[in-house]
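Beneath this line is the structure, given in structure tokens, with notes to follow.
In this note's numbering, the protein residues as written are 67 to 477.
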């Protein structure tokens with residue numbers, strides 16, 4: 067089962083810089099235009115078996131732009147903010163300092179004195195998800211038009227951090243976040259994808275303008291091994307014809323990087339060469355893929371048959387041991403990639419920098435940013451070929467802005 071969560075378009079409250087909960091606020095002129103753009107994207111994509119919306123005005127107006135039948139459900143309403151509702155965002159810390167501090171500490175305070183507690187809000191969203199899955203019998207494709215706070219709670223629940231108040235960048239207006247529901251559990255497929263409005267999300271663009279650094283993590287184009295299900299790891303090789311087409315399309319859509327870095331492996335370098343940048347890509351060994359040891363050059367079925375003990379230890383029992391017997395551990399790879407990307411960001415403060423790397427490398431780094439350890443890593447899907455994931459480096463360290471987005475990531 068696939069659930070696509072759509073945040074409403076910009077509301078008049080958003081445009082005025084107000085914090086919004088249950089208060090009614092229609093779409094602004096810009097928000098209505100955003101709704102029209104995302105509607106075209108969604109109606110041109112795969113069809114939905116069910117469309118559900120929060121019954122709040124801004125969510126209903128957004129989904130109504132699709133011109134398709136939908137139903138409303140109050141379970142998907144935004145969080146009840148009590149006395150905070152309608153207050154300028156810049157004044158919340160001044161007017162409610164103790165309450166805000168307690169909320170950030172994870173205490174179950176009633177927001178705005180009369181609103182919901184975070185545990186209550188999370189439980190409501192969890193119940194809405196469970197009800198939807200039960201109704202659809204775990205199958206089909208559903209669109210839910212909702213709110214930023216709701217979508218943040220959805221992601222927190224999926225990744226097992228239901229009590230976390232904040233763990234990633236702001237969910238953008240008309241962005242799409244996709245969750246897969248499988249027998250093994252739920253998984254985030256795409257996060258905060260607003261590529262119908264441009265390559266860089268609104269929040270990331272704001273932080274860049276404020277002087278933070280934004281790193282665009284690009285997975286290389288498709289290889290013949292990717293196409294045939296063979297695990298590559300450190301094994302070298304280029305991209306195939308489809309991979310070159312993917313990279314060329316990404317280059318035309320994204321624009322020019324001021325500086326571009328790449329893993330030394332051929333598939334990353336060939337992808338980087340097809341992207342637009344002011345100068346040749348800079349090679350950084352720390353951006354290499356997860357070393358798979360003796361597993362490299364084999365399919366999943368071959369690995370299961372040839373190395374059943376190691377496979378069972380890693381994938382059934384959750385042990386973080388060297389892949390393929392003499393490869394890397396997940397935590398070792400994450401530390402290596404984190405050091406490489408952090409060094410790149412520090413060298414280009416206040417800039418937008420491109421980094422071409424690999425599926426496990428990008429997934430591992432991004433997983434670490436949202437608090438996923440080795441055992442929970444599969445709550446975040448591996449990024450697709452030539453997908454982009456943005457990370458903002460600011461005063462509070464690296465923060466995930468979006469994940470697995472781009473013109474070839476079909477939603």
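We treat Cβ as the ideally placed atom computed from N, Cα and C, and that holds for glycine.
Here the structure is a predicted model, which means the values were calculated and not measured.
Listed in chain order, the non-local C-beta contacts of residue 392 below 8 Å within the same chain comprise 359, 360, local neighbours out to five positions each way being set aside. In the same chain as residue 238, and ignoring 5 residues on each side of it, the C-beta atoms closer than 7 Å to its own belong to 73, 258, 260, 267, 268, 269, in chain order.
A distance below 6 Å between beta-carbons, with the five flanking residues on each side excluded, links residue 395 to the following residues of its chain, in chain order: 386, 388.
Annotated as distal: residue 176 and residue 115, with beta-carbon spacing of 8 Å or more.
Remark: C-beta atoms of residue 425 and residue 400 do not approach each other more closely than 8 Å. When DSSP states are grouped into helix, strand and coil, residue 103 belongs to the helix group. Secondary structure of residue 175 (DSSP, three-state): coil. In the structure shown, residue 473 falls within a coil segment according to DSSP collapsed to helix, strand and coil.
Contact between the region 302-312 and the region 432-447 is absent: fewer than 3 CB-CB pairs across the two stretches fall below 8 Å. Taking the C-beta atoms as reference points, residue 240 is found nearer than 8 Å to residue 100. Taken in chain order, the complete alpha helix (DSSP H) segments of 4 or more residues contained in the region 110-182 are 123-130, 155-161, 163-170.
Under the DSSP assignment, residue 68 falls in the beta strand (DSSP E) whose first and last residues are 68-73. Between the region 95-114 and the region 145-155 there are fewer than three C-beta pairs closer than 8 Å, too few to call the two in contact. The shortest CA-to-CA distance from residue 278 to any of 384, 409, 328, 416 is the one to 416. Listed in chain order, the non-local C-beta contacts of residue 320 below 6 Å within the same chain comprise 265, local neighbours out to five positions each way being set aside. About 7 Å separates the Cβ atoms of residue 291 and residue 303, confirming a contact at the 8 Å cut-off. Counted as a single uninterrupted DSSP element, the alpha helix (DSSP H) harbouring residue 374 occupies residues 374-377. Our two residues, residue 190 and residue 199, have alpha carbons roughly 14 Å apart in a direct line.
Burial is judged here by how many other beta carbons sit within 10 angstroms of a residue's own beta carbon; residue 381 has fewer than 16 and is exposed. When the Cα atoms are used, residue 342 and residue 286 turn out to be separated by approximately 14 Å. The DSSP-derived three-state label of residue 293 is helix.
When DSSP states are grouped into helix, strand and coil, residue 356 belongs to the coil group. Taking one beta carbon from each stretch, the region 128-138 and the region 69-88 have 3 or more pairs nearer than 8 Å; the two touch.
Restricted to the region 313-351, the alpha helix (DSSP H) segments that are unbroken, complete and at least 4 residues in length are 332-340, listed in chain order.
Within the model, the alpha-carbon separation for residue 284 versus residue 459 is close to 17 Å. Residue 313 is classed as buried because its beta carbon has at least 16 other beta carbons within 10 Å across all chains shown. Where residue 459 is concerned, there is no enclosing alpha helix (DSSP H), although the beta strand (DSSP E) around it starts and stops at 454-460.
The DSSP-derived three-state label of residue 259 is strand. In the three-state scheme derived from DSSP, where H, G and I count as helix and E and B as strand, residue 202 is classed as coil. In this model, residue 149 and residue 166 are separated by some 12 Å (Cα to Cα).
Looking only at 293, 125, 249, 205, the smallest Cα-Cα distance to residue 215 is reached by 125.
DSSP, reduced to helix, strand and coil, places residue 230 outside both helices and strands of the structure shown, so it counts as coil.
The alpha-carbon separation between residue 210 and residue 457 amounts to approximately 26 Å. Nearest C-alpha to residue 83 among 336, 328, 218, 158: 158. Here DSSP, grouped into helix, strand and coil, assigns residue 207 to strand. Residue 237 sits in coil when the DSSP states are folded into three classes, being neither helix nor strand.
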